[in-house]
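Down below is the structure, laid out as structure tokens.
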Amino acid sequence: MEELPKINIIYEDNHLLVVEKIVNVPVQKDNSNDMDMISILKEYRKKNEGKFGDAYIGLVHRLDRPVGGVMVFAKTSKAASRLSEQVRNNKFKKVYYAVVEGNISDKGHFEDYMAKNEKDNKSYITSNDKGKIAILDYEVVDRKDNLNLVKINLVTGRSHQIRVQFSSRGYPLVGDMKYNKKASPGTNIALFAKSISFIHPT
2 MEELPKINII YEDNHLLVVE KIVNVPVQKD NSNDMDMISI LKEYRKKNEG
52 KFGDAYIGLV HRLDRPVGGV MVFAKTSKAA SRLSEQVRNN KFKKVYYAVV
102 EGNISDKGHF EDYMAKNEKD NKSYITSNDK GKIAILDYEV VDRKDNLNLV
152 KINLVTGRSH QIRVQFSSRG YPLVGDMKYN KKASPGTNIA LFAKSISFIH
202 PT
């Protein structure tokens, strides 16, 4: 097996693991067959807890492959079920930082309906009968030239939500190869999951 990258464990107990997801590492196995976060954490549990066979790691929420930042994974199916329910009921709070282009207002509230095209793995704004509600609030923390550091409170967690809601209004994320036509190949997306808050499953 290939050598596992070092993981920053932020918090751990018998029920869950809070970790910093590595940039450009998928959350779960995909077509690339690259090492993924779930496999890395299963190996971490086997090594740390002396587990044999398959260690359980439950996926509760996702981050896009190019995005890094804080994530929670469940260590039991009960914890996974209870945390997933909080995600569904919007009780799971997520704060992101992003760098966006353009002359954006100091604060804003975005509310759209979004859908995903699985064929090209892209999301888009659509009508309310074809999509799911997507809501976020943001405030500008710093500005320089045509760039803005924004703090984002993500209310709903749709696929590529932050990237699509900002780019559709003319404020694409720096380094976003999917939704920013000016992004240079080989650059990292300027988006990071800064914090999450939730009710502990037990």
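In our numbering, the protein residues as written are 2 to 203.
The beta carbon of each residue, even a glycine, is placed where N, CA and C say it ideally should be.
According to the DSSP assignment, Ser-198 belongs to the beta strand (DSSP E) that extends over 192–198.
Straight-line spacing of the CA atoms in Leu-148 and Glu-102 works out to 5 Å.
Collapsing the DSSP output to three states places Tyr-98 in a strand. Between Ser-124 and the set Leu-18, Arg-159 and Ser-196, the nearest pair of CA atoms involves Arg-159. DSSP lists Tyr-97 and Tyr-139 as the beta-bridge partner residues of Ile-153.
With 16 or more other Cβ atoms from the protein chains shown falling within 10 Å of its own Cβ, Ser-168 counts as buried. Taking a C-beta distance under 8 Å as the contact criterion, Gln-29 and Phe-111 do not qualify as a contact pair.
Judged by their CB atoms, Thr-188 and Gly-176 are nearer to each other than the 8 Å cut-off.
In this structure, DSSP gives Lys-52 a state outside helix and strand, which the three-state scheme calls coil. Taking the C-beta atoms as reference points, Ala-116 is found no nearer than 8 Å to Leu-174.
Annotation: the continuous alpha helix (DSSP H) that includes Leu-84 extends over 78–89. Its chain contains Ser-198 as the residues whose beta carbon lies nearer than 6 Å to that of Lys-94, once the 5 sequence neighbours on both sides are disregarded; these appear in chain order. Straight through space, the alpha carbons of Gly-51 and Asp-65 are spaced by roughly 31 Å. In this model, Asp-113 and Lys-48 are separated by some 44 Å (Cα to Cα).
If you look at Val-19, you'll find it isn't in any alpha helix (DSSP H); it sits in the beta strand (DSSP E) that goes 17–22. Contact between Val-61 and Val-73 holds: their C-beta atoms lie close to 6 Å from each other, under 8 Å. As the crow flies, the alpha-carbon of Lys-120 is around 32 Å from that of Val-19. Residue pairing by DSSP puts Arg-144 in a beta bridge opposite Asn-149.
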